[in-house]
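Chains A and B are the protein sequences, given in the same order. The opening residue of the first sequence carries number 0 in numbering that gives the first Met the number 0; numbering runs sequentially from there. The opening residue of the second sequence carries number 0 in numbering that gives the first Met the number 0; numbering runs sequentially from there. Ideal Cβ placement from N, Cα and C applies to all residues, glycine included. Just so we're clear, the structure is a prediction, and the values are computed from it rather than from any experiment. Report on the following structure.
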Amino acid sequence: MSIVFEKPHALTDAALHYCPGCTHGIIHRLVAEAIDDLKIEGKTVGVAPVGCAVMAYNYFACDMVEAAHGRAPAVATGLKRAMPDNIIFTYQGDGDLASIGMAETVHAATRNENITVIFVNNAIYGMTGGQMAPTSLPGQVTQTSPYGRDVNVCGYPIKICELLSNLDGPEYLERVAVNNVKNVKNAKRAIKKAFENQINKKGFSLIEVISSCPTNWGMTPDQALAWIDEKMIPYYPLGVYKDKSAQKDSEVKA
Amino acid sequence: MAKVTFKTDLCKGCGLCVTVCPKKLIVLSKDKLNKKGHSPAEMTDEEKCIGCAFCATMCPDCVITVEK
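Take a look at the structure:
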């Protein structure tokens, strides 16, 4: 008998603190699998965010740094410039990356810093108890929008991939989801590519992962995954939003 | 036939493996509780398991190891 599936080496044995059914665990595993596949565990440094994933440093077996709220891309910029041979990734939620850390995100992208950003979008502030996030959908009921998000008062959700794709800087932007087996396998490919881009010195790669929050959405884990299909993916279409190298290749061929 | 092992004490009983199993072989235990107090997932009929590892792919807590 051979092993078909086991826990990746780049994850520690610590039990994850996430709520039952939270897909943060799947995304952690996909990042660890990419680190294992590329055999870069010894030279990888991760930057943990503030939010649900704040304790990511307990779970990844590589070196980790904890950044101030939203400042992970800035910390990663410093790490990468000081240690260009190391592989630097950040792991951030939507409150961290799309709200308080928006400036750092946009500027790291426009400078095309050679880092990998894993952006977990679950359309709500999870750790603080389910308040409305910049990525909450129009009409979505949260603790701070009990009648649903009113776009006339609160504005529209921020679509990070679309926003950053207008910049000339970033190398690779893709949005994936982890709500079924097919999407998880696709997310794995995307995350691995984001790390490969950094190894090949291509520049800023951001993977937006549509994730679930059963606890704060008030659903069972199963219903939450179905809600991603019904509500989130139509608003946040999956796909590659920018791939500068592929663009260049096709221009050369043309 | 494939061999599926569960690290029972890591399981949070979310049931994502139960819904994703194409052969419907996994259930949440009705008579056992793990260290955390959750009803852990368990295999009912290993003989029928095809070793697709869908359960392990969807498990957020790396509870499941699949051998084939």
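To which residues of the same chain is residue i closer than 6 Å at the C-beta, ignoring the five residues directly before and after it?
{"i": "A:THR143", "result": "GLN130, MET131"}
{"i": "A:CYS160", "result": "LEU172, ARG174, GLU207, TYR240"}
{"i": "A:TRP216", "result": "ALA223"}
{"i": "A:PHE88", "result": "GLY45, THR115"}
{"i": "A:GLY20", "result": "PRO213, PRO220"}
{"i": "A:GLY231", "result": "Gly is not the amino acid found at residue 231 of chain A; the sequence shown has Met there. Once the five neighbours on either side are set aside, the close Cβ partners of A:MET231 are ILE209."}
{"i": "A:ILE99", "result": "HIS68, GLY69"}
{"i": "A:VAL140", "result": "GLY147"}
Check the C-beta distance from residue i over to residue j and give it rounded, since I have them as a contact under 8 Å.
{"i": "A:ILE114", "j": "A:ALA75", "result": "4 Å"}
{"i": "A:LYS38", "j": "A:ILE86", "result": "So it is not a contact: roughly 11 Å between Cβ atoms."}
{"i": "A:LEU15", "j": "A:ALA60", "result": "That belief does not hold up - the Cβ atoms of A:LEU15 and A:ALA60 are roughly 14 Å apart, past 8 Å."}
{"i": "A:VAL30", "j": "A:ILE157", "result": "No, A:VAL30 and A:ILE157 are not in contact; Cβ-Cβ is about 23 Å, not under 8 Å."}
{"i": "A:HIS23", "j": "A:CYS51", "result": "6 Å"}
Could you please give me the residues that DSSP links to residue i through a beta bridge?
{"i": "A:ASP62", "result": "A:VAL44"}
{"i": "A:ASN120", "result": "A:ILE209"}
{"i": "B:PHE5", "result": "B:ILE63"}
{"i": "A:ARG294", "result": "No information on residue 294 of chain A is available, as it lies outside the stretch 0 to 253 that chain A covers here."}
{"i": "B:ALA40", "result": "B:LEU27"}
{"i": "A:PHE88", "result": "A:GLY45, A:THR115"}
{"i": "A:ILE2", "result": "B:GLU66"}
{"i": "A:GLN222", "result": "BP columns for A:GLN222 are empty, so no partner."}
{"i": "A:GLN130", "result": "A:TYR124"}
Interface residues of chain B around residue i at Cβ under 9 Å?
{"i": "A:ASP221", "result": "CYS13, GLY14, LEU15, VAL17, THR18"}
{"i": "A:LEU10", "result": "CYS61"}
Short of 7 Å in beta carbon distance, which residues of its chain neighbour residue i, apart from the five on each side in sequence? Order them along the chain.
{"i": "B:CYS16", "result": "ILE25, ALA40, CYS54, MET57, CYS58, ILE63"}
{"i": "A:ILE25", "result": "VAL177, VAL183"}
{"i": "A:VAL334", "result": "Given that chain A is displayed from residue 0 to residue 253, the structure contains no residue 334 of chain A and the question cannot be resolved."}
Cβ closer than 8 Å: which chain B residues qualify as neighbours of residue i?
{"i": "A:LYS6", "result": "CYS61, THR64"}
{"i": "A:GLY24", "result": "CYS58, PRO59, ASP60, CYS61"}
{"i": "A:LEU162", "result": "Simply none; closest approach about 28 Å."}
{"i": "A:CYS212", "result": "Chain B residues near A:CYS212: none, gap ~12 Å exceeds 8 Å."}
{"i": "A:GLY20", "result": "LYS11, CYS13, GLY14, LEU15, PRO59"}
By the three-class DSSP mapping on this structure, what secondary structure does residue i have?
{"i": "A:SER144", "result": "strand"}
{"i": "A:TYR56", "result": "helix"}
{"i": "A:THR11", "result": "coil"}
{"i": "A:GLY138", "result": "coil"}
{"i": "A:VAL49", "result": "coil"}
{"i": "A:ILE39", "result": "coil"}
{"i": "A:THR109", "result": "helix"}
{"i": "A:PRO156", "result": "coil"}
{"i": "A:ILE232", "result": "helix"}
{"i": "A:PRO72", "result": "helix"}
Going along chain A in order, which residues have a C-beta closer than 7 Å to the C-beta of residue i?
{"i": "B:LEU9", "result": "ALA14"}
{"i": "B:LYS67", "result": "MET0, SER1, VAL3"}
{"i": "B:LYS47", "result": "Simply none; closest approach about 16 Å."}
So with CB distances below 8 Å, who are the chain A contacts of residue i?
{"i": "B:GLY50", "result": "VAL3"}
{"i": "B:PHE5", "result": "Chain A residues near B:PHE5: none, gap ~12 Å exceeds 8 Å."}
{"i": "B:MET40", "result": "Reading the sequence as shown, one finds Ala at residue 40 of chain B and not Met. Within chain A, no residue comes near B:ALA40; the closest Cβ sits about 11 Å away, beyond 8 Å."}
For residue i, which residues in the same chain have their Cβ closer than 8 Å to its Cβ, ignoring the five residues on either side in sequence?
{"i": "B:GLY14", "result": "LEU27, ALA40"}
{"i": "A:ASP62", "result": "THR43, VAL44, GLY45"}
{"i": "A:ILE198", "result": "LEU37, ILE39, ILE86"}
{"i": "A:LYS79", "result": "ASN85, ILE87, GLU112, ASN113, ILE114"}
Below 9 Å on C-beta distance, what does residue i contact in chain A?
{"i": "B:LYS22", "result": "Simply none; closest approach about 14 Å."}
{"i": "B:LYS31", "result": "Per Cβ cutoff of 9 Å: no residues; B:LYS31 is ~16 Å from chain A at best."}
Return yes when at least one heavy atom of the ligand FMN lies under 7 Å from the C-beta of residue i, else no.
{"i": "A:MET101", "result": "You won't find the ligand FMN in this model; it holds no ligand whatsoever."}
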